[in-house]
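Per my numbering, the sequence shown starts with residue 26, numbered consecutively.
Using N, Cα and C, we set each Cβ at its ideal position, and we do this for glycine too.
Accompanying notes for the structure given below.
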Amino acid sequence: MEKFVYLFHEGNGNMKELLGGKGANLAEMTNIGLPVPYGFTITTQACNAYYESGKTIPTLVEKQTLEALLRLEEKMGKKLGDPKNPLLVSVRSGSVFSMPGMMDTILNLGMNDETVEGVASLTNNPRFAYDSYRRFIQMFSNVVLGIDTYFFEQLLEETREQKGYASDPEMTAEDWKEIIVGYKEIVKKHTRKDFPQDPKEQLFLAINAVFDSWNNQRAIVYRRLNKIADHLGTAVNIQSMVFGNMGNDSGTGVAFTRNPSTGEPVLYGEYLINAQGEDVVAGIRTPQPIAALKEEMPSVYQQFADTCHRLEQHYKEMQDIEFTVERGKLFILQTRNGKRTAQAAIRIAVEMVQEGIIDVKTALLRVDPDQLNQLLHRRIDDSVEKRILAKGLPASPGAATGQVVFDADEAEQLGNDGKKVILVRPETTPDDIHGIVASQAILTSRGGMTSHAAVVARGMGKACICGCEALRIDLKAKQFSVGDMVVNYGDVITIDGSTGEIMLGEIAMIDPELSDEFQLLLSWADKERKIGVRANADNPEDAKKAFDFGAGGVGLCRTEHMFMDIKRIPIVQKMILAETYNERMEALDQLLPMQQGDFEGIFEAMQGLPVTIRLLDPPLHEFLPDKEELLVEVTKLQILDPDSKELAQKEKLLKKVRQLDEFNPMLGLRGCRLGMVHPEIYEMQAKAIFYAASKLAEKGIEVNPEIMIPLVGHVNELKQMRELVIETANKVQVETGRSIQYTVGTMIEIPRAALTADEIAEEADFFSFGTNDLTQTTFGYSRDDAEGKFLQAYIEHKVLPENPFAVLDQEGVGKLVETGVTLGRKTNPKLKTGICGEHGGEKSSIDFCYRTGLDYVSCSPYRVPLARLAAAQATIRHELNREEVYTTA
Ligand code: PEP
Ligand code: MG
């Protein structure tokens, strides 16, 4: 005989398919001995049998249901419909997958004109009894009889108005009694029948309704959208009601088994004496902290503490528990994995390993790498109220407060005077670098997640919001506006680079913490992961930070950032404007010791770990003044001082700026094309690297330079630039008498490079995939324009699942990466491979890099901890076939 009905103790947590998710969970909790209000589950098979019998409950299902009811009544010492001691039950649907389209819960089933009196005298609270009865009529009539709630609400509102009440709590027992009469009339009018008084009839009508709800429109649409099979059916859970409002020995509450905000292993939550579930959330009465339960009901508290312990041991996770105490007896209504902050997630994962509850791998899978951002930057105190002025792209996490300035020079001046400033620009360029350094944060109205401001800010660990198009910036008037709101130079704003929110005034903040647990968790991650993690760092400070955050080397040192120092720009301009070779060499000779100093600092900070230095990449015009501004100055001088030397100089400069002007700078004279046209620049840089290396070697400090040629598209580019580097190295080695170990490799950031990687690999010791440019060139999306202009709409309209500049497009750009690795290793099996685009610090992209067999990922120093954890998760997920289950706040 097929079994269609399971008492809770007859099931278990693995029977989701038959008992539904809720039923299986209730069975599991019952079986481990938790005080769960008793009940039974009618299976999903019964639902299918119901449909097979033409939407009638088969006799066998009915028979088994009545038998289970009898067992339930015996267990509870109450009977459904008993006027003196009535059993009241809840009826809920529950399919294998949680489905919001399904039937709403019915509470208090079993209420009728007689049992309501029993409840009134048992609770000693007639008002509660009549209120519960009218709620039951309303719920049942809507869910089971299909009468619109509107009719009941309307009557209630009219009655309240008549009596001059503002809200329901003012209604008395007599008022509710009156309402019940009215409610019954509504039912009679709509169904031409009296409201069912027989509790068994109520029960079977409710079961029918649950089965019917499996095929209501909402449920069908939900299943179609979520690809849930139609044949699964829903189970029905029938559970005895418990009441927390039966006097001062009753109550209800919610609690976490550990503090969800700090992770401290103490019970955390609140409860209300003599109250029902809704009262806790309604906020009318202030709940007590759970610790007070210890004083008020010591034995219940002890029961609760033991239960919490047992739940954690069983589910091996921090639990979020709903409970009710009915006349001194504890009941657990629900338990689930509790949501938590990043700080708590780390502490709980680590301490559960130390307590022997979970193993290290499980702990590593419990923490969401994305959440770690919260801990590495100053952040807004969530407990304070904030008014958001506008929202832009969250380009670099962290929060900052400062006075608004609109000019890099001013930012530098005020910053040097010790003022906290936020640099607000339509977008930033390399000219603004000194202002960025001096600012607390950057805010731009244009540009995307890989715009200059975003990349530089992330590298420096400064908060940044980009592409906030709601900002109307008036640089002349030194103000910006959002709608009617105007913010002037010097006004204080706060920005949150983690959310993209801009707020007026100063908002309280919390400092970052790298707790002992955090360090320990990361050390476990390092043991598990099979892929290296390096950092993108352009100066000794960032390199030091990267080293402290556990980077295994520098994966990308963008040397152009070294050229953008305010003191160096005039020399760089001299180099660009030089008319003769000698003139250019003079400038380069001045730059060489400066570059050498930078490299010495970086090598020293990295203590022998590999440092990948990329030779100069950007378009040259970036080092020159703005064309329009220069034109204005020249025109002014032509009128006011036509014979001046200054005019002659400026005219010369303008001519050069015009010469260097490009329609498409991103596709123009950049990367190794610059080295091809001006080999002396790359030669100077190579010299600086080798001088720095030999100087440190002399001091006994190990160095491991890797010289990288950017934006190669054809093997011959790399061949020639590599020869230049090797020749330079040889010269320096002869000159210093010291031999230096080094390698030469290239970035793969142009589709052609990926497609001809076999040829290129013959000239390369390593490949570093520059996925910022590779995304730009593969999609043909300008990395500076796409995010602000159309990408948002693309994501909204589901043209793209994600922003491909933030999350690697595995199907397209990823295919080029795979091709590059495969072809490259074919001709050069020893080829080292890594990624240094922004994707190197994003968890799904890191997973891709692991699967593709890259040797390392490289990201900004502040994302190194995240990448270490994500790399470990990739290993565990793929080698042990295990999924992460994050429960984040
Ligand atoms: C890249 O293109 O991915 C890269 C790392 O180089 P950049 O962002 O400096 O162009
Ligand atoms: Mg690039």
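Task: Entirely enclosed alpha helix (DSSP H) segments - the segment 588-676, minimum 4 residues - done: 594-602, 606-631, 652-665
Task: For MET772, the three-state DSSP class (helix, strand or coil) - done: The residue you call residue 772 lines up with position 747 of the sequence shown. In the structure shown, MET772 sits in a strand (DSSP, three-state: E or B).
Open item on the list: Strictly closer than 5 Å from CB to any heavy atom of the ligand MG: give me those residues in the order they appear in the chain.
Closed with: GLU774, GLY795, ASP798
Open item on the list: Report the CB separation of LYS416 from THR900 in whole angstroms; it is logged as a contact under 8 Å.
Closed with: The count along the sequence shown starts at 1 and reaches residue 416 at position 391. The count along the sequence shown starts at 1 and reaches residue 900 at position 875. Not confirmed; about 36 Å, so no contact.
TODO: With a threshold of 6 Å, establish whether the CB of GLY862 neighbours any heavy atom of the ligand PEP.
DONE: In the sequence shown, residue 862 corresponds to position 837, counting from 1. Checking the Cβ of GLY862 against the ligand PEP gives yes.
Open item on the list: Let's test the definition: count the other Cβ atoms within 10 Å of the Cβ of VAL740 and tell me whether it reaches 16, buried, or not, exposed.
Closed with: Along the sequence shown, read from residue 1 onward, the residue named residue 740 stands at position 715. With 16 or more Cβ atoms within 10 Å of its Cβ, VAL740 is classed as buried.
Open item on the list: Can you tell me whether THR660 is buried or exposed? The criterion is at least 16 other CB atoms within 10 Å of its CB, across all chains shown.
Closed with: Counting from one through the sequence shown, the residue named residue 660 turns up at place 635. With fewer than 16 other Cβ atoms within 10 Å, it is exposed.
Open item on the list: Cutting at 6 Å between CB atoms, please list the residues of its own chain near PHE431, excluding the five before and the five after it.
Closed with: The residue you call residue 431 lines up with position 406 of the sequence shown. Result list for PHE431: VAL449, LEU500, LYS503, in chain order.
Open item on the list: Below 6 Å, is the gap between the Cβ of ARG777 and the nearest heavy atom of the ligand PEP?
Closed with: The residue labelled residue 777 in the question sits at position 752 within the sequence shown. Answer for ARG777: no, Cβ out of range of the ligand PEP.
Task: Of the residues VAL446, THR148, PHE229, ASN398, the one placed nearest LEU94, counting alpha carbons only - done: Residue numbering aside, residue 94 sits at position 69 when the sequence shown is read from its first letter. If we check each option's Cα against that of LEU94, PHE229 comes out closest.
Task: ARG583 CB to nearest heavy atom of the ligand PEP below 6 Å - done: Counting from 1 along the sequence shown, the entry for residue 583 is found at position 558. Within the cutoff, so yes.
TODO: Could you check the C-alpha separation between ASP563 and ALA811 for me, to the nearest Å?
DONE: Counted from its first residue, the sequence shown places residue 563 at position 538. Counted from its first residue, the sequence shown places residue 811 at position 786. Each residue's Cα considered, the two are about 26 Å apart.
Task: Classification of ILE413 by the beta-carbon crowding that lies within 10 angstroms, buried from 16 upward - done: The residue you call residue 413 lines up with position 388 of the sequence shown. That one is exposed.
Task: Beta-carbon proximity check, LEU418 vs PRO890, cutoff 7 Å - done: Mapped onto the sequence shown, residue 418 falls at position 393. Mapped onto the sequence shown, residue 890 falls at position 865. No, these two residues do not count as a Cβ contact at 7 Å.
TODO: Scan the segment 417-456 and note each continuous alpha helix (DSSP H) run of 4 residues or more that stays entirely inside, going in chain order.
DONE: 433-441
Task: Contact check, LEU841 vs PRO776, beta carbons under 7 Å - done: Residue 841 sits at position 816 when you count from the first residue of the sequence shown. Residue 776 sits at position 751 when you count from the first residue of the sequence shown. It is a contact, given that the beta carbons lie within the stated cut-off.
- [ ] Can you tell me which of the three DSSP states PRO537 falls into?
- [x] Position 512 of the sequence shown holds residue 537. In this structure, PRO537 counts as coil in the three-state DSSP scheme.
Task: Residues of its chain near PRO108, where Cβ-Cβ distance is below 8 Å and the 5 sequence neighbours each way are ignored - done: By one-based count along the sequence shown, residue 108 stands at place 83. These residues qualify, in order along the chain: GLU139, THR140, GLU142, GLY143.
Open item on the list: Using C-beta distances below 7 Å, list every residue in its chain close to LYS744, excluding the 5 sequence neighbours before and after it, in chain order.
Closed with: Within the sequence shown, residue 744 is the residue found at index 719, counting from 1. Hits under 7 Å: GLU788.
Task: Simplified DSSP state of PHE505, which is helix, strand or coil - done: In the sequence shown, the residue the question calls residue 505 occupies position 480. Strand at PHE505.
TODO: Report buried or exposed for TYR606, applying the criterion of at least 16 other Cβ atoms within 10 angstroms of its Cβ.
DONE: In the sequence shown, counting from the first residue as 1, residue 606 sits at position 581. Exposed: under 16 other Cβ atoms inside 10 Å.
Open item on the list: Does the segment 609-627 come into contact with the segment 669-682, if we say contact requires no fewer than three beta-carbon pairs (one atom in each stretch) closer than 8 Å?
Closed with: no
TODO: Could you say which of PRO644, VAL168, ALA571 lies nearest to VAL597 if we only look at CA atoms?
DONE: One-based indexing of the sequence shown puts residue 597 at position 572. Of the listed residues, the one whose Cα sits closest to VAL597 is PRO644.
Open item on the list: For GLU708 and LEU799, what's the separation of their Cα atoms in angstroms?
Closed with: By one-based count along the sequence shown, residue 708 stands at place 683. By one-based count along the sequence shown, residue 799 stands at place 774. Each residue's alpha carbon lies about 26 Å from the other.
TODO: Count the CB pairs spanning the segment 320-337 and the segment 880-887 that are closer than 8 Å, and state whether there are at least three.
DONE: no
Open item on the list: Measuring alpha carbon to alpha carbon, tell me which residue in GLY45, VAL702, ALA711 is nearest THR259.
Closed with: Your numbering for residue 259 matches position 234 in the sequence shown. For the residues GLY45, VAL702, ALA711, the minimum Cα distance to THR259 belongs to GLY45.
Open item on the list: For chain B, check one thing: does any of its Cβ atoms lie closer than 7 Å to the Cβ of GLN327?
Closed with: Of the protein chains in the structure, only one exists, and it is not chain B.
TODO: Identify which residue in GLN801, ASP237, GLU347, VAL235 has its Cα closest to the Cα of THR279.
DONE: On the sequence shown, residue 279 is found 254 positions in, with the first residue counted as 1. Going by the sequence as given, residue 279 is Val instead of Thr. Considering only alpha carbons, the answer is GLU347.
- [ ] Decide if SER764 is buried, meaning its Cβ has at least 16 other Cβ atoms within 10 Å, or exposed.
- [x] For the purposes of this step, residue 764 is taken as the residue at position 739 of the sequence shown. Exposed, since its Cβ has fewer than 16 Cβ neighbours within 10 Å.
- [ ] Identify whether ILE298 lies in helix, strand or coil by the three-state DSSP scheme.
- [x] Along the sequence shown, read from residue 1 onward, the residue named residue 298 stands at position 273. It is a strand residue.
- [ ] Could you have a look at ARG683 and say whether DSSP puts it in helix, strand or coil?
- [x] The residue you call residue 683 lines up with position 658 of the sequence shown. Helix.
Task: Straight-line Cα distance separating THR768 from LEU641 - done: One-based indexing of the sequence shown puts residue 641 at position 616. One-based indexing of the sequence shown puts residue 768 at position 743. If you take the alpha carbons of LEU641 and THR768, they lie about 17 Å apart.
Open item on the list: Please report the straight-line C-alpha distance between ARG609 and GLU752, rounded to a whole angstrom.
Closed with: Indexing the sequence shown from 1 puts residue 609 at position 584. Indexing the sequence shown from 1 puts residue 752 at position 727. Between ARG609 and GLU752, the C-alpha separation is close to 20 Å.
Open item on the list: Which residues does DSSP list as the beta-bridge partners of ASP499?
Closed with: Here residue 499 corresponds to residue number 474 of the sequence shown, with the count starting at 1. Answer is GLN504, bridged to ASP499.
TODO: Have a look at THR360 and GLN344 and give me their C-alpha separation to the nearest angstrom.
DONE: The residue labelled residue 360 in the question sits at position 335 within the sequence shown. The residue labelled residue 344 in the question sits at position 319 within the sequence shown. Distance between the alpha carbons of THR360 and GLN344 is about 6 Å.
Task: Among VAL116, GLU437, ARG471, ILE67, nearest to GLN465 - alpha-carbon criterion - done: Within the sequence shown, residue 465 is the residue found at index 440, counting from 1. Of the candidates VAL116, GLU437, ARG471, ILE67, the one whose C-alpha sits nearest the C-alpha of GLN465 is GLU437.
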